[in-house]
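Participant: Start counting the sequence shown at 4; every next residue gets the next number (my numbering). Where is the CB? At the ideal position from N, CA and C, for every residue including glycine. Below you will find the structure I want to go over with you.
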Amino acid sequence: ELDWFQKWDQVLDWQPPQARWFVGGKLNAAYNCLDRHLQGDRRTRPALIWEGEPGDEISYTYEELHRAVGRAANTLKSLGVKRGDRVAIYLPMIPEAAIAMLACARIGAPHSVVFGGFSADSLRDRIRDGEARVLITADGGYRRGGVVGLKRAADEALETQGGCPSIEHVLVVRRHGADGETLPGATMKESRDIWWHEALAEQSEECPAEEMDAEDLL
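Take a look at the structure:
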């Protein structure tokens with residue numbers, strides 16, 4: 004059973020071919036994934052267990068994941084993202100991908116996940132279609148023994164063939180360059196590009212979950 008801020012008035016409003024579910028109900032996906040588990044012993048149990056291709060490992064308890072999502076959500080707010088604004092996510096399979104999705108859900112910003120193996124052209128098309136205001140990417144990602152230059156592809160998407168005029172900021176996760184190196188070609192554009200770890204460090208971990216309508220876009 005889900006936690007609701009407000010119970011629905013009607014389970015199904017069926018006007019063929021349109022259907023509306025749980026009419027009048029208010030809830031939040033991130034709240035249901037995290038906040039409801041913060042009571043009792045479950046808060047210290049693993050919520051996310053991850054192992055990267057090079058063998059690095061990270062584990063988050065529900066409590067730790069909740070704090071990380073709160074900081075990410077407040078970072079998006081600080082960049083001007085509001086309820087209903089779209090956020091594009093172009094990341095490798097790292098914990099920040101889940102954190103980013105939950106952060107978007109927390110503030111009511113629909114997210115569009117673009118597979119990290121897609122080209123710059125594919126990313127550009129999806130950003131334009133969604134008119135995303137913020138792009139979340141990484142300097143690079145590991146895949147089948149090699150390194151994929153995600154930031155290079157993101158820059159190409161944003162800066163060639165008319166670019167993506169709707170994008171105001173790019174949050175960049177330091178994945179490949181975690182030891183201080185910078186992946187060749189992963190340049191940072193002043194005023195547009197922001198390191199994920201630096202932005203989150205400045206934010207509070209407390210971010211109330213938006214009360215979303217059951218039919219709102221996730």
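In terms of residue numbering, what span does the alpha helix (DSSP H) encompassing L105 cover?
Facilitator: Working through the sequence shown from its first residue, we reach residue 105 at position 102. First-last of the alpha helix (DSSP H) with L105: 98-110.
Participant: Can you tell me whether D196 is buried or exposed? The criterion is at least 16 other CB atoms within 10 Å of its CB, across all chains shown.
Facilitator: On the sequence shown, position 193 is the one that residue 196 refers to. By the neighbour-count rule (16 or more Cβ atoms within 10 Å), D196 is buried.
Participant: Of the choices L5, P19, D16, S169, whose alpha-carbon is the least far from that of N31?
Facilitator: Position 28 of the sequence shown, counted from the first residue, corresponds to residue 31. Considering only alpha carbons, the answer is L5.
Participant: Going by DSSP, name the residue or residues bridged to I92.
Facilitator: Within the sequence shown, residue 92 is the residue found at index 89, counting from 1. I92 pairs with V116, I139.
Participant: Tell me which same chain residues have a C-beta within less than 7 Å of the C-beta of A212, skipping the five on either side of it?
Facilitator: Walking along the sequence shown from the start, residue 212 turns up at place 209. N31, A33, Y34, D38, R109, listed in sequence order.
Participant: Excluding the five sequence neighbours on either side, which residues of its own chain have a C-beta within less than 6 Å of the C-beta of A156, listed in chain order?
Facilitator: Translated into the one-based positions of the sequence shown, residue 156 becomes position 153. Only A123 meet the Cβ criterion.
Participant: Is there at least one non-hydrogen atom of the ligand MN closer than 7 Å to the beta-carbon of H172?
Facilitator: You won't find the ligand MN in this model; it holds no ligand whatsoever.
Participant: Among E205, E56, Y65, G87, which residue has its Cα nearest to the Cα of A50?
Facilitator: For the purposes of this step, residue 50 is identified with residue 47 of the sequence shown, where counting begins at 1. A50 has its Cα closest to that of Y65, out of E205, E56, Y65, G87.
Participant: Need the endpoints of the alpha helix (DSSP H) that W199 sits in, please.
Facilitator: Locating residue 199 in the sequence shown gives position 196, where the first residue counts as 1. Segment 199-204, the alpha helix (DSSP H) holding W199.
Participant: Determine the closest residue to T190 out of E205, E218, E159, with distance taken between C-alpha atoms.
Facilitator: Along the sequence shown, one-based indexing puts residue 190 at 187. Ranking E205, E218, E159 by Cα distance to T190 puts E159 first.
Participant: Please report the residue range of the alpha helix (DSSP H) in which V72 lies.
Facilitator: Numbered from its first residue, the sequence shown carries residue 72 at position 69. Per DSSP, V72 belongs to the alpha helix (DSSP H) from 65-81.
Participant: For my contact list, A75 and I102 are in at a C-beta cut-off of 8 Å; report their separation, rounded to the angstrom.
Facilitator: In the sequence shown, the residue the question calls residue 75 occupies position 72. In the sequence shown, the residue the question calls residue 102 occupies position 99. Going by Cβ atoms, the distance from A75 to I102 rounds to 5 Å, so yes, they are a contact pair.
Participant: Just the C-alpha distance for D216 and G28, rounded to the nearest angstrom, thanks.
Facilitator: The residue given as residue 216 occupies position 213 in the sequence shown. The residue given as residue 28 occupies position 25 in the sequence shown. One C-alpha to the other measures close to 6 Å.
Participant: Look up G133 in the DSSP assignment and say whether it is helix, strand or coil.
Facilitator: One-based indexing of the sequence shown puts residue 133 at position 130. Note: G133 maps to helix in three-state DSSP.
Participant: Just reading off the beta strand (DSSP E) that H156 is part of, what are its end residues?
Facilitator: Taking the sequence shown and counting its residues from 1, the one referred to as residue 156 is at position 153. Looking at the sequence provided, one finds Ala at residue 156 rather than His. Per DSSP, A156 belongs to no beta strand (DSSP E); it is in the alpha helix (DSSP H), 153-162.
Participant: Within the same chain, show all residues whose beta-carbon is closer than 6 Å to that of E209, passing over the 5 residues directly before and after it, in chain order.
Facilitator: Counting from one through the sequence shown, the residue named residue 209 turns up at place 206. Result list for E209: G73, in chain order.
Participant: Using the beta-carbon count (16 or more within 10 Å), is E54 buried or exposed?
Facilitator: Here residue 54 refers to the residue found at position 51 when the sequence shown is read from its first residue. It counts as exposed.
Participant: I'd like to know whether the C-beta of T140 is nearer than 8 Å to at least one C-beta of chain B.
Facilitator: Looking for chain B here will not work: only one protein chain is present.
Participant: Whose C-beta lies closer than 6 Å to the C-beta of Q206 among residues of the same chain, with five residues either side of it excluded?
Facilitator: As a working mapping, residue 206 is identified with position 203 in the sequence shown. Closer than 6 Å at the Cβ level, and outside the excluded window around Q206, lie R74, N77, T78.
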